[in-house]
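So the structure is just underneath, and the comments pick up after that.
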Amino acid sequence: MEEKNILTNENEVLLDTAPEVESAEAVVDTAEATVTAEIADESCETVEKETAESAEAVYEAAESETEAAESEIADAETEDTEVPLDRNVKLMSPMQMVIRRFFRSKLSIVGLVMIVSLFLFSFVGPLVYTRWGEIELDESGTVSYTTQEIEVVGEDGTVTIIKQTVERQEKDNYLAPPSKDHLLGTDEQGYDVFTRLMYGGRISLSVSFIAVLVITVLGVILGGIAGYFRGFVDNLIMRICDVLMCLPGIPILLIISTLLEAAEVDAKYRIYWLMVYLTLFSWPGTARLVRGQILSLREQEYMVAAEAMGYSTGRKIFKHLVPNVMPQLIVQMTLSLGSMILYEATLSYLNMGVKAPYAAWGTMINIISTNTDILQNNFNVWGAPGICIVIAVLGFNFVGDGLRDALDPKSRR
Amino acid sequence: MLKYILKRIGLAILILIGVSLIIYFLIRLMPVDFIQNKVNAMNQSNTVPADAVEKLYEMYGLDNSGFKGIVKGYFNWLGALAKLDLGKSFVDYAPVAEVIAKNMGISFAVALIATIFEFMIAIPLGITAATHQYSFRDYLVTVLAMIGISLPSFFFGQMLKNVFALQLGWFPSQGTLSGAGSATGLALIPDYLAHMFLPILTVVILSIGPRMRMTRTNMLEVMNSDYIRTARAKGLTETKVIYKHAFRNTLIPLVTTLAGLLPSLFSGAIITEQVFGLDGIGNIALNRMMQGDIPFIMGYNMFLAMLSVLGVLLSDLMYVIVDPRVKLD
Numbered sequence: 001m002e003e004k005n006i007l008t009n010e011n012e013v014l015l016d017t018a019p020e021v022e023s024a025e026a027v028v029d030t031a032e033a034t035v036t037a038e039i040a041d042e043s044c045e046t047v048e049k050e051t052a053e054s055a056e057a058v059y060e061a062a063e064s065e066t067e068a069a070e071s072e073i074a075d076a077e078t079e080d081t082e083v084p085l086d087r088n089v090k091l092m093s094p095m096q097m098v099i100r101r102f103f104r105s106k107l108s109i110v111g112l113v114m115i116v117s118l119f120l121f122s123f124v125g126p127l128v129y130t131r132w133g134e135i136e137l138d139e140s141g142t143v144s145y146t147t148q149e150i151e152v153v154g155e156d157g158t159v160t161i162i163k164q165t166v167e168r169q170e171k172d173n174y175l176a177p178p179s180k181d182h183l184l185g186t187d188e189q190g191y192d193v194f195t196r197l198m199y200g201g202r203i204s205l206s207v208s209f210i211a212v213l214v215i216t217v218l219g220v221i222l223g224g225i226a227g228y229f230r231g232f233v234d235n236l237i238m239r240i241c242d243v244l245m246c247l248p249g250i251p252i253l254l255i256i257s258t259l260l261e262a263a264e265v266d267a268k269y270r271i272y273w274l275m276v277y278l279t280l281f282s283w284p285g286t287a288r289l290v291r292g293q294i295l296s297l298r299e300q301e302y303m304v305a306a307e308a309m310g311y312s313t314g315r316k317i318f319k320h321l322v323p324n325v326m327p328q329l330i331v332q333m334t335l336s337l338g339s340m341i342l343y344e345a346t347l348s349y350l351n352m353g354v355k356a357p358y359a360a361w362g363t364m365i366n367i368i369s370t371n372t373d374i375l376q377n378n379f380n381v382w383g384a385p386g387i388c389i390v391i392a393v394l395g396f397n398f399v400g401d402g403l404r405d406a407l408d409p410k411s412r413r
Numbered sequence: 414m415l416k417y418i419l420k421r422i423g424l425a426i427l428i429l430i431g432v433s434l435i436i437y438f439l440i441r442l443m444p445v446d447f448i449q450n451k452v453n454a455m456n457q458s459n460t461v462p463a464d465a466v467e468k469l470y471e472m473y474g475l476d477n478s479g480f481k482g483i484v485k486g487y488f489n490w491l492g493a494l495a496k497l498d499l500g501k502s503f504v505d506y507a508p509v510a511e512v513i514a515k516n517m518g519i520s521f522a523v524a525l526i527a528t529i530f531e532f533m534i535a536i537p538l539g540i541t542a543a544t545h546q547y548s549f550r551d552y553l554v555t556v557l558a559m560i561g562i563s564l565p566s567f568f569f570g571q572m573l574k575n576v577f578a579l580q581l582g583w584f585p586s587q588g589t590l591s592g593a594g595s596a597t598g599l600a601l602i603p604d605y606l607a608h609m610f611l612p613i614l615t616v617v618i619l620s621i622g623p624r625m626r627m628t629r630t631n632m633l634e635v636m637n638s639d640y641i642r643t644a645r646a647k648g649l650t651e652t653k654v655i656y657k658h659a660f661r662n663t664l665i666p667l668v669t670t671l672a673g674l675l676p677s678l679f680s681g682a683i684i685t686e687q688v689f690g691l692d693g694i695g696n697i698a699l700n701r702m703m704q705g706d707i708p709f710i711m712g713y714n715m716f717l718a719m720l721s722v723l724g725v726l727l728s729d730l731m732y733v734i735v736d737p738r739v740k741l742d
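Protein chains in written order, with the working numbering: chain A, 1 to 413; chain B, 414 to 742.
Next up, the structure:
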């Protein structure tokens, strides 16, 4: 398992060695951990190889490895100068390198800023901006007068025109333009759009987090089992995956939504239930990813070592195999956060998710599917939630993409 | 090869049976009951006798909602499906297959034109992004692709509708045909196209992202391979290297996805069609779903499942055909 690999560029040094360790126990825990040396020069670019193991394992390894690495650096064939490398070398854990690479990309920083600001807006916002509540109507409506002309045909056939003034008392201040009192105006009911945007964000963000979490847990367990045991179990789980992947998404969710309606689930929690059912159909993607990775990982030497140590199956799967799938899994999770937000918004737009009076970004756009007046004249009512959706999804996609590049051992930038 | 195909078809049938099980049981649990709705509507004058209602239920195989009844109903339905009979739609009083076939045309036209444009735009952009990796052009393409992926179809569709149909008035905002003219036959085509323009634009912009990224990734992979270096070392021009050597190999995944896409051209875009009021299969399905047209929902969902099974099958077969390196077990 010793593999020395030194790449020397003008200002790039990479040391990639499997750790030297004394006990077999440690072999299992630190296997595949990488020691990467980097010249202390801040301007230099580092080239990294090898998949990063889980952070803890690496930290464990890093301590015991410093010595080993130093001796190996001396052993390694370096065509360079005689300067003792260890002086110019700064050890970085793979985790640190991933973070460094992540923040090197401007897009991922932009994405992170987008997500963090949306989170602050939705979860802290309502605590700060308490002018209006989520379902608080603005009842400061105005009285308007309209004059109508009414034609009255008399008995003898003469037409008299009577002018009639109608007083219209509107209790609710609906479709108000943006003002100091309503930062984004009010919607067709008289709710404050800005406030509902914050509450809607709470739902959209929390719902997608829950969904992705459940999908990942299901996918890791089932994919892990399938990849580890292979044979019949694998076949069974993969065929179930095939079936679930062939189910049409939106139509099935529409059916489930009517089922929930019949079960009289509270309007506030309906979307959570809907997303739980969505997860039941969405885990195959994650399961396939995990299975594919585990199929290749289980042939590695450190798994043979784990076998030799007589570890339990559960420990082998979840302590040794799954952590190695983590990089791909994290990327997949981030990207599916975006798609879950889109799913939730679409369902709400079809009036299947969160229903009035409660707010969700999709629900706030729902009105324009029937009312073209608002579509044409009140961009503040439906444009704002739409932009929020785009920002959220785009943010998660940027971050996911940045993570993919940062975690990809093949990427050289 | 024949054995492989037969094996895959067998598997596809197995998958479809699984899908049908799930869909049937879900739908039988559905409370929206078209017959009940209808009877209620008719019953305002108390004209429908109870036994007639029962007869209706029996006719549609929905009389017994216990577990046994549902199982029996499932097998009856499956038997009919084996004879390619999807049942009769409640709303249209016509065979489901007929309703689907009737409304598929417009959906197919939108999807086909959109796919053609999508590939025509995405492939060149993907190639330039790959050949100019990490340049401004690459970033621009990547960001635009991401934005396309992140746009919700309903929001983007409504925005296009607002700007181009309602504010500028360039295109009709609703429907499939204006109907005002007395034109028939070929003269109707411009009218159709005017109504289809915005839906097609929506679909193209939303789905161009993944295609572009795929082209870029594949192209990058190929550009890093040894034979490209050899081609450059031979002194070939860069255009020749890119289009004669590299691009040919990126065609493999492109052709396989295209094969996989073919069946989905028939499935209809539910949201886009709803936004633009297009009478495609997606919009019809959405309406029927709200009305509780059980045979239609069953039929439509099975139709979609068949299309996706067929898509996977086609793309796998295409992969074997196109890529000589792939060997069958």
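Virtual Cβ for every residue (Gly too), placed ideally from N, Cα, C.
In this text the structure is predicted, and so the values were computed from the model without any measurement.
- Please compile the residues from chain B whose C-beta is within a distance smaller than 8 Å of the C-beta of tyrosine 228 of chain A. Here residue 228 of chain A refers to the residue found at position 228 when the first sequence is read from its first residue. The contacting residues do not exist; tyrosine 228 of chain A stays about 22 Å from chain B at best.
- Query: Between which two residues does the alpha helix (DSSP H) carrying alanine 345 of chain A extend?
  - Reply: Stepping through the first sequence from its first residue, residue 345 of chain A is reached at position 345. In the DSSP annotation of this structure, the continuous segment of the alpha helix (DSSP H) that includes alanine 345 of chain A starts and ends at 322 to 349.
- Message: Can you give me the C-alpha to C-alpha distance between leucine 415 of chain B and glycine 285 of chain A, rounded to a whole angstrom?
- Response: Against the second sequence, residue 415 of chain B aligns to sequence position 2. Against the first sequence, residue 285 of chain A aligns to sequence position 285. Cα to Cα, leucine 415 of chain B sits roughly 29 Å from glycine 285 of chain A.
- Query: At which residues does the alpha helix (DSSP H) containing glutamate 301 of chain A begin and terminate?
  - Reply: Here residue 301 of chain A refers to the residue found at position 301 of the first sequence. DSSP places glutamate 301 of chain A in the uninterrupted alpha helix (DSSP H) bounded by 301 to 308.
- Message: At 4 residues or longer, what runs of the alpha helix (DSSP H) sit wholly inside the region 342 to 410 of chain A?
- Response: List check, alpha helix (DSSP H) in window: 361 to 366, 372 to 377, 379 to 407.
- Got a sec: which bits of the region 374 to 404 of chain A sit with their beta carbon under 9 Å from any beta carbon on chain E, in order along the chain? Reference to chain E is not applicable here, since the protein chains of this structure are A and B.
- DSSP beta-bridge partners of lysine 163 of chain A: As a position in the first sequence, residue 163 of chain A is number 163, starting the count at 1. Looking at the DSSP assignment, lysine 163 of chain A forms a beta bridge with A:Glu149.
- In chain order, what residues of the same chain lie with their CB nearer than 7 Å to the CB of phenylalanine 567 of chain B, ignoring the 5 residues before and after it? As a working note, residue 567 of chain B is residue 154 in the second sequence. Result list for phenylalanine 567 of chain B: Ile684, Val688, in chain order.
- Grouping DSSP H, G and I as helix and E and B as strand, with all else coil, what is lysine 501 of chain B? Here residue 501 of chain B refers to the residue found at position 88 of the second sequence. Lysine 501 of chain B falls in the strand class under three-state DSSP.
- Task: Pull up the distance between the alpha-carbon of alanine 360 of chain A and that of alanine 524 of chain B, whole angstroms please.
- Result: By one-based count along the first sequence, residue 360 of chain A stands at place 360. By one-based count along the second sequence, residue 524 of chain B stands at place 111. If I take the Cα positions, the gap works out to 30 Å.
- Buried or exposed (CB count within 10 angstroms, at least 16 for buried), phenylalanine 679 of chain B: Stepping through the second sequence from its first residue, residue 679 of chain B is reached at position 266. The residue is buried, with at least 16 neighbouring Cβ atoms inside 10 Å.
- Sub-7 Å separation of phenylalanine 281 of chain A and leucine 247 of chain A beta-carbons: The count along the first sequence starts at 1 and reaches residue 281 of chain A at position 281. The count along the first sequence starts at 1 and reaches residue 247 of chain A at position 247. In this structure, leucine 247 of chain A lies closer than 7 Å to phenylalanine 281 of chain A by Cβ.
- Query: Touching or not, the region 690 to 697 of chain B and the region 504 to 523 of chain B, by the rule of three or more beta carbon pairs under 8 Å?
  - Reply: yes
- Message: Between tyrosine 349 of chain A and chain B, is any beta-carbon pair separated by less than 7 Å?
- Response: For the purposes of this step, residue 349 of chain A is taken as residue 349 along the first sequence, with counting starting at 1. Cβ-Cβ to chain B under 7 Å: yes for tyrosine 349 of chain A.
- Query: Taking only beta-carbon atoms, is glutamine 571 of chain B less than 7 Å away from chain A?
  - Reply: Position 158 of the second sequence holds residue 571 of chain B. Chain A, which has a Cβ nearer than 7 Å to the Cβ of glutamine 571 of chain B, makes this yes.
- Message: So the candidates are B:Arg626, B:Asn700, B:Gly681; which of them puts its Cα closest to the Cα of proline 666 of chain B?
- Response: Residue numbering aside, residue 666 of chain B sits at position 253 when the second sequence is read from its first letter. Checking every option, the nearest Cα to that of proline 666 of chain B belongs to B:Arg626.
- Query: Going along the chain, which residues of its own chain have a beta-carbon closer than 8 Å to the beta-carbon of tyrosine 605 of chain B, five neighbours each way excluded?
  - Reply: The sequence position of residue 605 of chain B within the second sequence is 192, counting from 1. Contacts found: Ile519, Ala522, Thr589, Leu590.
- Since threonine 346 of chain A meets chain B, which of its residues come closer than 8 Å, beta carbon to beta carbon? Within the first sequence, residue 346 of chain A is the residue found at index 346, counting from 1. Chain B residues near threonine 346 of chain A: Pro565, Ser566, Phe567, Ile684.
- Give, in chain order, every unbroken run of the alpha helix (DSSP H) that is at least 4 residues long and sits entirely within the region 241 to 293 of chain A. 249 to 262
- So is glutamine 587 of chain B buried or exposed if we call it buried at 16+ other beta carbons inside 10 Å? Your numbering for residue 587 of chain B matches position 174 in the second sequence. Counting Cβ neighbours within 10 Å, glutamine 587 of chain B comes out exposed, since fewer than 16 surround it.
- Task: Report the partner residues of threonine 650 of chain B according to the DSSP bridge assignment.
- Result: Residue mapping note: residue 650 of chain B aligns to position 237 of the second sequence, counting from 1. Paired residue(s): none; threonine 650 of chain B is not in a bridge.
- Message: Just to confirm, is the Cβ distance from leucine 553 of chain B to leucine 619 of chain B under 7 Å?
- Response: Here residue 553 of chain B refers to the residue found at position 140 of the second sequence. Here residue 619 of chain B refers to the residue found at position 206 of the second sequence. Contact: no.
- Task: Can you tell me which of the three DSSP states tyrosine 129 of chain A falls into?
- Result: Your numbering for residue 129 of chain A matches position 129 in the first sequence. Reduced to three states, the DSSP call for tyrosine 129 of chain A is coil.
- Along the region 320 to 334 of chain A, what residues have a CB closer than 7 Å to any CB found in chain B? Legend: CB atoms of the region 320 to 334 of chain A lying less than 7 Å from CB atoms of chain B are not found in any residue.
- Can the beta-carbon of isoleucine 621 of chain B be found closer than 7 Å to that of isoleucine 534 of chain B? As a first step, residue 621 of chain B must be located in the second sequence, where it is residue number 208. As a first step, residue 534 of chain B must be located in the second sequence, where it is residue number 121. Yes; because the gap between Cβ atoms is below 7 Å, this pair is in contact.
- Message: Rounding to the nearest angstrom, what Cα-Cα distance links asparagine 637 of chain B and glycine 111 of chain A in this structure?
- Response: Along the second sequence, one-based indexing puts residue 637 of chain B at 224. Along the first sequence, one-based indexing puts residue 111 of chain A at 111. One C-alpha to the other measures close to 29 Å.
- Query: In its own chain, which residues sit with a C-beta less than 6 Å from the C-beta of tyrosine 349 of chain A, not counting the 5 before and 5 after it?
  - Reply: To locate residue 349 of chain A, count along the first sequence from 1; it is residue 349. Once the five neighbours on either side are set aside, the close Cβ partners of tyrosine 349 of chain A are Gly362, Ile365, Asn366.
- Message: Give me the DSSP bridge partner(s) of proline 508 of chain B.
- Response: Position 95 of the second sequence, counting from 1, holds the residue named residue 508 of chain B. Under DSSP, proline 508 of chain B takes part in a beta bridge, and its partners are B:Lys501.
- Message: Closest to threonine 528 of chain B by C-alpha separation, out of B:Ile418, B:Tyr732, B:Pro623, would be which residue?
- Response: Reading the second sequence from its first residue, position 115 is the one you call residue 528 of chain B. Of the candidates B:Ile418, B:Tyr732, B:Pro623, the one whose C-alpha sits nearest the C-alpha of threonine 528 of chain B is B:Pro623.
- Task: Use the C-beta contact count for proline 177 of chain A: other C-beta atoms within 10 angstroms, 16 or more gives buried, fewer gives exposed.
- Result: Counting from one through the first sequence, the residue named residue 177 of chain A turns up at place 177. When all chains shown are included, proline 177 of chain A counts as exposed.
- Min CB distance glutamate 48 of chain A to chain B below 7 Å: In the first sequence, the residue the question calls residue 48 of chain A occupies position 48. Residue confidence is low: glutamate 48 of chain A scores 39 on pLDDT, short of 50, so the model does not pin down where it sits. Its coordinate-derived value is still stated next. So no, glutamate 48 of chain A is outside the interface.
- Task: Look at proline 676 of chain B and leucine 723 of chain B and say whether their C-beta atoms are less than 7 Å apart.
- Result: Within the second sequence, residue 676 of chain B is the residue found at index 263, counting from 1. Within the second sequence, residue 723 of chain B is the residue found at index 310, counting from 1. Yes, these two residues count as a Cβ contact at 7 Å.
- Query: Exposed or buried, which one is phenylalanine 774 of chain B when buried takes at least 16 other CB atoms within 10 Å?
  - Reply: Residue 774 of chain B lies beyond the residue range present for chain B, which begins at 414 and ends at 742; the question has no answer from this structure.
- CB-CB length for leucine 274 of chain A against leucine 253 of chain A, believed under 8 Å: In the first sequence, residue 274 of chain A corresponds to position 274, counting from 1. In the first sequence, residue 253 of chain A corresponds to position 253, counting from 1. Yes, they are in contact, since the Cβ atoms of leucine 274 of chain A and leucine 253 of chain A sit about 7 Å apart, within 8 Å.
- Message: Using only the alpha-carbon positions, how far apart do phenylalanine 119 of chain A and histidine 658 of chain B sit?
- Response: The count along the first sequence starts at 1 and reaches residue 119 of chain A at position 119. The count along the second sequence starts at 1 and reaches residue 658 of chain B at position 245. Spanning the two alpha carbons is a distance of roughly 48 Å.
- From A:Arg131, A:Arg101, A:Leu205, pick the residue whose C-alpha is nearest to that of tryptophan 342 of chain A; which is it? As a position in the first sequence, residue 342 of chain A is number 342, starting the count at 1. For the record, residue 342 of chain A in the displayed sequence is leucine; it is not tryptophan. Answer by Cα proximity: A:Leu205.
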